[in-house]
Amino acid sequence: MQESDYTIQKMDCPTEEQIIRKRLRSMKGILGLEFDLMNRRLKVSHTLDDTQG
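Numbering of the sequence shown is given in the working numbering, commencing with residue 6 and proceeding in unit increments.
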């Protein structure tokens, strides 16, 4: 398992979190999502090989 951290500059409300969560949770290889709205950060736990593509 790997973890990747992302900053999402315009994510600041639960509605935006739900939009992102809905899109990502069904993707193959995504194991978990941790949102930090106050700091506009997202931590993704995954089994993907390349997150730079």
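From the three backbone atoms N, C-alpha and C, an ideal C-beta is built for every residue, glycine too. Since the structure is predicted, the reported quantities are computational estimates derived from the model, not experimental observations.
Distance, residue j Cα to residue i Cα
| i | j | result |
| --- | --- | --- |
| T12 | F40 | 10 angstroms |
| T52 | M43 | 27 angstroms |
Sequence-distant residues of the same chain with beta carbon closer than 8 angstroms to residue i, five excluded per side
| i | result |
| --- | --- |
| E8 | K48, V49, S50, H51 |
| C18 | L42 |
| Q14 | R45 |
Residues that DSSP places opposite residue i in a beta bridge
| i | result |
| --- | --- |
| E8 | S50 |
| G37 | S50 |
Beta-carbon contacts of residue i that lie in its chain and below 6 angstroms, excluding the five residues immediately before and after
| i | result |
| --- | --- |
| D5 | In this structure the chain extends from 6 to 58, so residue 5 is not present and cannot be described. |
| E22 | F40 |
Check whether residue i and residue j have beta carbons under 8 angstroms apart
| i | j | result |
| --- | --- | --- |
| L36 | R26 | no |
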